[in-house]
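As given, the protein sequences belong to chains A and B, one line each in that order.
FYI, in my numbering the residues of the first sequence are -13 to 300.
FYI, in my numbering the residues of the second sequence are -13 to 300.
Don't be surprised by glycine CBs; every beta carbon is placed ideally from N, CA and C.
To start, the structure itself, in structure tokens.
2 protein chains.
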Amino acid sequence: MTATEATPERPGFHRLTLIGIGLIGSSIARGARARGLADEIVISTRRPETLERARELGLGDVYTLDPLEAVAGADCVIVSVPVGSSGAVAEMIGPGLAAGAIVSDVGSVKADVVAQMAPHLPDHVHFVPAHPVAGTEHSGPDAGFAELFDNKWCILTPPPGTDPEAVARLSAFWRALGSKVETMTPEHHDMVLAITSHIPHLIAYNIVGTAADLETVTESEVIKFSAGGFRDFTRIAASDPTMWRDVFLHNRPAVLEMLGRFIEDLFVLQRAVRFGDGETLFRQFTETRAIRRGILDIGQDTAAPDFGRTPKKG
Amino acid sequence: MTATEATPERPGFHRLTLIGIGLIGSSIARGARARGLADEIVISTRRPETLERARELGLGDVYTLDPLEAVAGADCVIVSVPVGSSGAVAEMIGPGLAAGAIVSDVGSVKADVVAQMAPHLPDHVHFVPAHPVAGTEHSGPDAGFAELFDNKWCILTPPPGTDPEAVARLSAFWRALGSKVETMTPEHHDMVLAITSHIPHLIAYNIVGTAADLETVTESEVIKFSAGGFRDFTRIAASDPTMWRDVFLHNRPAVLEMLGRFIEDLFVLQRAVRFGDGETLFRQFTETRAIRRGILDIGQDTAAPDFGRTPKKG
Ligand SMILES: NC(=O)c1ccc[n+]([C@@H]2O[C@H](COP(=O)([O-])OP(=O)(O)OC[C@H]3O[C@@H](n4cnc5c(N)ncnc54)[C@H](OP(=O)(O)O)[C@@H]3O)[C@@H](O)[C@H]2O)c1
Ligand SMILES: NC(=O)c1ccc[n+]([C@@H]2O[C@H](COP(=O)([O-])OP(=O)(O)OC[C@H]3O[C@@H](n4cnc5c(N)ncnc54)[C@H](OP(=O)(O)O)[C@@H]3O)[C@@H](O)[C@H]2O)c1
């Protein structure tokens, strides 16, 4: 069976290989299984204990520590590892990829990942980089769930000249997993995500670090009285350090650009506080509401109080 | 009936007057009603339409636009208005307060509010400032709910020499509303809240403002792809602009102190990104996890994924 045999009525793949089986990889495995999107799921990861856990969880059909063995005969290979390891993984799997296979990833950074992976991929495969804009602060194979991508966007950044049919097949796969799909250039993706995800994580990590280092306020006070806003930042700052270190090391220009603007704007607010300029504060605090309304309007969040929230899936 | 007649077995008041009936005032009204903490609830607010809405919602027993009339005969008066209006409200109610009454507030800032209110309160009342560390981004009488304070802290900042029995009665009231109670100085409160609440709000407002002003990324892209972290900041930045302007104008020294540290620390991360210093990033991203664990350990948040969260109360 080759990649082109799938009919549009039944999105999915014959042999889907997942390299990396953490939060994202295992959510793809669960979603693909639940929705019948692969005849066979092959799972490969770096550490034996992670592979063993994936097997215990029954996430796939075939388990192997050998990435070359894993990709053999696959019509789709999705790499879900920290973006700093993308190049090394592409180098390992490159020689084993079947002709016509779709090769994709899920990395939170795109231009740098494309630059890392593309040189190692043979001409006879279709490289369609992807980034599902969905996640939680948890990691590892236990953290995933089939509904993670429901109603979330997945951004594809196919290089110019990519076979449109391969792009269409991967789009159909992500749609079947529950996502909405958009296509853009890797560079634009990296700017959009720098402001909507990378800077939010950087400042969340930063304020939690600032709080931890105070002499006037103890750590236990910070913990006790976290319900006033801080708590939500600690959740974001609980995300995997390796994944996020890699994001910042591999999306440097866009992160520095957006961070520069954030700091510039923060100085305006700092000055307004210092000089008691209530008008500037009020204006800034009002203008931000339009964006919130937009997010609620398109159903990317709920307006209900978050306090005492009970998650859909525990 | 006077303030001292309440027995410890039945925390509460004979006549509880609420000045200001927004998110916090109406949550107190609902909680007090639901748990039988007042024989009579008197509600007063500035605007006729808000008073009318409170009446429609059945939040109290007596409704009046006249604050002097509202406080007459009350053994407890709780002022729940933006902190910039605390002094003006204290001035209005001062002459009508009954001897032995407990006068309290719920303001997110304490030293400045104490300085505003104390001069207008007669010697025959007990002034026990309070701050329930609980809230949502919504405001107005419709936004409140009886469970808002459940398992959250309420901080009391009684001036030196305050009657311990008055402090005990107000503590018992907040405990009966579901809160845990702690006592500290207004100045310390303001430092703790600057880092756990005020700075988080300032930077949430700031990043949403930065995002709104970009040329390279459109507002609709920011909205669409907000699930990567940004969304949680927009929720915080949807909080009431008047309330938050007042917080920053009235907690200036503590906010500037904490903001200075936040920016200093951010420069360290910025430099690490610029020079590709993965070790510094990884170390910072790891150290923050202890605080998160502490918050989960004491039950101030849940570890479950927030995506698709279903609130306890809609
Ligand atoms: N977390 C999110 O919210 C989110 C959202 C969207 C996209 N992403 C992207 O998804 C990718 C995976 O993230 P995740 O959250 O699924 O991470 P995760 O739960 O930590 O899982 C990472 C997986 O990658 C493997 N791995 C780690 N280092 C590796 C290396 N040096 N070489 C080979 N394999 C390695 C791990 O294998 P072992 O356990 O066997 O070592 C594990 O299977 C990242 O590129 C991230 O940017 C994450
Ligand atoms: N929101 C939170 O998360 C939170 C948490 C803890 C503490 N607090 C503190 O609680 C207090 C009230 O906040 P809230 O969230 O309940 O606000 P809210 O929902 O906006 O309600 C504010 C109330 O104050 C009245 N008010 C507004 N301006 C006034 C003025 N100049 N003079 C007299 N009354 C005025 C309003 O009356 P009209 O509608 O009649 O004009 C309304 O009843 C603030 O001090 C805030 O710092 C808030």
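**Study point:** E151/A versus E201/A - alpha carbon distance
**Key:** Position 165 of the first sequence, counted from the start, is the residue given in the question as residue 151/A. Position 215 of the first sequence, counted from the start, is the residue given in the question as residue 201/A. Between E151/A and E201/A, the C-alpha separation is close to 60 Å.
Practice item. Please confirm whether V95/B and I64/B have their CB atoms less than 8 Å apart. Key: Here the question's residue 95/B lines up with position 109 in the second sequence. Here the question's residue 64/B lines up with position 78 in the second sequence. Going by C-beta atoms, V95/B is not nearer than 8 Å to I64/B.
Point to revise | Closest residue to V241/A among I181/A, T196/A and W230/A (Cα-Cα distance) | key: Counting from one through the first sequence, the residue named residue 241/A turns up at place 255. Answer by Cα proximity: I181/A.
Point to revise | Three-state secondary structure (DSSP) of A60/B | key: Residue mapping note: residue 60/B aligns to position 74 of the second sequence, counting from 1. A60/B: coil per DSSP, three-state reduction.
Review point. Taking the alpha carbon of A20/A as the point to measure from, which residue in A276/A, L163/A, A224/A and P227/A has its own alpha carbon closest?
Key: Position 34 of the first sequence, counted from the start, is the residue given in the question as residue 20/A. Nearest option by C-alpha distance: L163/A.
Review point. According to DSSP, is D292/B helix, strand or coil?
Key: Your numbering for residue 292/B matches position 306 in the second sequence. With a pLDDT of only 43 at D292/B, under the threshold of 50, the placement of this residue in the model should not be trusted; the figure read from the coordinates follows. Three-state DSSP puts D292/B in coil, outside helix and strand.
Practice item. State the CB to CB distance for the pair V301/B and D47/B, rounded to an integer number of angstroms; the pair is presumed to be in contact (CB under 8 Å). Key: This structure does not reach residue 301/B, given that chain B is present from -13 up to 300, and the question cannot be answered.
Review point. Any heavy atom of ligand 1 closer than 7 Å to the CB of V259/B?
Key: Start at 1 with the first residue of the second sequence, and residue 259/B comes out as number 273. Flag unset: Cβ of V259/B not near ligand 1.
Practice item. Compare the beta carbon distance of I209/B and I284/A with 8 Å and say whether it is the shorter of the two. Key: Taking the second sequence and counting its residues from 1, one reaches residue 209/B at position 223. Taking the first sequence and counting its residues from 1, one reaches residue 284/A at position 298. In this structure, I284/A lies closer than 8 Å to I209/B by Cβ.
Review point. Could you give the distance in angstroms between the alpha-carbon of T296/B and the alpha-carbon of D287/A?
Key: Stepping through the second sequence from its first residue, residue 296/B is reached at position 310. Stepping through the first sequence from its first residue, residue 287/A is reached at position 301. Annotation note: pLDDT 35 at T296/B (below 50); position unreliable, coordinate value reported separately. Each residue's alpha carbon lies about 11 Å from the other.
**Study point:** the segment 241 to 259 of chain B contacting the segment 240 to 260 of chain A, beta-carbon criterion three pairs below 8 Å
**Key:** yes
Point to revise | Neighbourhood of M229/B by C-beta, 6 Å cutoff - its chain only, sequence neighbours within 5 removed | key: Indexing the second sequence from 1 puts residue 229/B at position 243. Result list for M229/B: P68, in chain order.
Check your understanding: Which whole runs of the alpha helix (DSSP H) in the segment 255 to 290 of chain B are 4 residues long or more, in chain order?
Key -> 264 to 273 and 275 to 283
Exercise for review: Run the proximity test for T125/A: is its beta-carbon closer than 7 Å to any non-hydrogen atom belonging to ligand 1?
Suggested key: Sequence index remark: in the first sequence, residue 125/A carries index 139 (1-based). Per the sequence presented here, residue 125/A reads as Ser, with Thr not at that position. Indeed, a heavy atom of ligand 1 lies less than 7 Å from the Cβ.
Check your understanding: For A197/B, which residues in chain A fall below 8 Å Cβ to Cβ?
Key -> Taking the second sequence and counting its residues from 1, the one referred to as residue 197/B is at position 211. Within 8 Å Cβ-Cβ: I181, T182 and I277.
Practice item. With hydrogens ignored, establish whether the beta-carbon of I7/A is closer than 7 Å to any heavy atom of ligand 1. Key: In the first sequence, counting from the first residue as 1, residue 7/A sits at position 21. True, at least one ligand heavy atom lies under 7 Å from that Cβ.
Check your understanding: What does A15/A touch in chain B if you count any residue whose Cβ is under 7 Å from its own?
Key -> One-based indexing of the first sequence puts residue 15/A at position 29. Within 7 Å Cβ-Cβ: nothing; A15/A doesn't reach chain B, min ~17 Å.
Review point. Can you list, in chain order, the residues of the segment 187 to 211 of chain A whose Cβ is nearer than 8 Å to any Cβ on chain B?
Key: H187, L188, I189, A190, Y191, N192, I193, V194, G195, T196, A197, A198, D199, L200, T202, V203, E205, S206, E207, V208, I209, K210 and F211
Review point. Hey, is A120/B's beta-carbon within less than 8 Å of any beta-carbon in chain A?
Key: Position 134 of the second sequence, counting from 1, holds the residue named residue 120/B. A120/B counts as touching chain A.
Point to revise | Nearest-angstrom Cα separation, counted from M170/A out to D128/A | key: As a working note, residue 128/A is residue 142 in the first sequence. As a working note, residue 170/A is residue 184 in the first sequence. Their Cα atoms are separated by approximately 31 Å.
Point to revise | Helix, strand or coil at R21/A [DSSP, three-state] | key: Taking the first sequence and counting its residues from 1, the one referred to as residue 21/A is at position 35. If DSSP states are grouped into helix, strand and coil, R21/A belongs with coil.
Review point. When DSSP builds the beta bridges, which residues end up paired with H117/A?
Key: In the first sequence, counting from the first residue as 1, residue 117/A sits at position 131. DSSP lists I141/A as partners of H117/A.
Practice item. Give the range of the beta strand (DSSP E) segment to which H0/A is assigned. Key: Indexing the first sequence from 1 puts residue 0/A at position 14. Segment F(-1) to I5, the beta strand (DSSP E) holding H0/A.
Practice item. With 7 Å as the limit, tell me which residues of the segment 258 to 272 of chain B have their beta carbon closer than that to any beta carbon of chain A; keep them in chain order. Key: V259, R260, G262, G264, L267, F268, Q270, F271 and T272
Practice item. Give a yes or no on whether 8 Å exceeds the smallest Cβ distance from W160/A to chain B. Key: Along the first sequence, read from residue 1 onward, the residue named residue 160/A stands at position 174. No, because no Cβ of chain B sits closer than 8 Å to the Cβ of W160/A.
Point to revise | Spatial distance of G214/B from P115/A (CA atoms) | key: For the purposes of this step, residue 214/B is identified with residue 228 of the second sequence, where counting begins at 1. For the purposes of this step, residue 115/A is identified with residue 129 of the first sequence, where counting begins at 1. G214/B and P115/A: Cα-Cα distance of roughly 18 Å.
Review point. When the Cα atoms are used, what is the spatial distance from L9/A to D199/A?
Key: Residue numbering aside, residue 9/A sits at position 23 when the first sequence is read from its first letter. Residue numbering aside, residue 199/A sits at position 213 when the first sequence is read from its first letter. Near 31 Å, if we compare the C-alpha coordinates of D199/A and L9/A.
Exercise for review: Out of G126/A, W160/A, G11/A and H175/A, point me to the one whose CA is closest to P(-3)/A's CA.
Suggested key: Here residue -3/A refers to the residue found at position 11 when the first sequence is read from its first residue. The shortest Cα separation from P(-3)/A among G126/A, W160/A, G11/A and H175/A belongs to W160/A.
**Study point:** Euclidean distance between Cα positions of G82/B and V57/B
**Key:** Counting from one through the second sequence, the residue named residue 82/B turns up at place 96. Counting from one through the second sequence, the residue named residue 57/B turns up at place 71. G82/B and V57/B: Cα-Cα distance of roughly 6 Å.
Check your understanding: Closest Cβ-Cβ distance between L45/B and chain A: below 8 Å?
Key -> Sequence index remark: in the second sequence, residue 45/B carries index 59 (1-based). It does not; no Cβ of chain A falls within 8 Å.
Check your understanding: For T204/A, which three-state DSSP category applies?
Key -> Indexing the first sequence from 1 puts residue 204/A at position 218. Looking at T204/A - three-state DSSP - the assignment turns out to be coil, as it is neither helix nor strand.
**Study point:** Cβ shell of L43/B (< 8 Å), same chain only, five flanking positions each side left out
**Key:** Taking the first residue of the second sequence as position 1, residue 43/B is located at position 57. Excluding residues within five positions, the ones whose Cβ falls inside 8 Å are S12, P127 and D128.
Review point. Can you tell which of L282/A, V119/A and H0/A has the C-alpha that lies nearest to the C-alpha of A224/B?
Key: Within the second sequence, numbered from 1, the residue matching residue 224/B stands at position 238. Here the closest residue by C-alpha is L282/A.
Point to revise | For E168/B, the nearest candidate out of A15/B, P118/B and V99/B (CA to CA) | key: Mapped onto the second sequence, residue 168/B falls at position 182. It is P118/B.
**Study point:** Through-space distance from G59/A to N301/A, alpha-carbon basis
**Key:** Outside the modelled stretch of chain A, which goes from -13 to 300, sits residue 301/A, for which no answer is possible.
Review point. For the beta strand (DSSP E) that E133/B lies in, which residues bound it at each end?
Key: On the second sequence, residue 133/B is found 147 positions in, with the first residue counted as 1. No beta strand (DSSP E) holds E133/B; DSSP gives it neither H nor E.
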